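Per our numbering, numbering of the sequence shown is gapless, rising by one per residue and ending at 176. We put the CB at the ideal spot given by N, CA and C, even for glycine. It should be emphasised that the depicted structure is a prediction, and the values quoted were computed from it without experimental measurement. Shown next, in structure tokens, is the structure this report addresses.
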Amino acid sequence: IRNTRAVNRTGQLTGYKLMPGSNCLPLAGSEAKFLRRAAFLKHNLWVTAYNREERYPGGEFPNQNPRAGEGLATWVQQNRPLEETDIVL
């Protein structure tokens, strides 16, 4: 992840490097009911364009919300451009 508009003292683009570590996915099967409301658990890394209104990765009130499919999974499906914009990891 880098900022193409700024350089550091050595003249290199500023940015971050993600280092993979030990992660695990849920042990529940893909048909588990809670995964409909917590779709963010299906992947270890999500990247989406910043939107002030998108605050909760599982949607608002995921344990009480009758509507499944809100949150990160829906935001990523919008396929918004990620270059030259603010992003959320």
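Within the region 89 to 159, the runs of beta strand (DSSP E) that reach at least 3 residues and sit entirely inside it are, in chain order, 89 to 94 and 100 to 102. The distance from the Cβ of Arg89 to that of Leu100 is about 5 Å, consistent with a contact at the 8 Å cut-off. Taking the CA atoms as reference points, Glu140 sits about 14 Å from Phe148. Taking a 10 Å sphere around the C-beta of Leu159, we find 16 or more other C-beta atoms and assign the residue as buried.
With a threshold of 16 other beta carbon atoms within 10 Å, Glu157 meets it and is buried.
A distance of 8 Å or more separates the beta carbons of Pro113 and Ala136. By the C-beta density criterion, Ala93 is exposed, having fewer than 16 other C-beta atoms within 10 angstroms. Across the structure, Val134 and Asp173 are spaced so that their CA atoms are roughly 10 Å apart.
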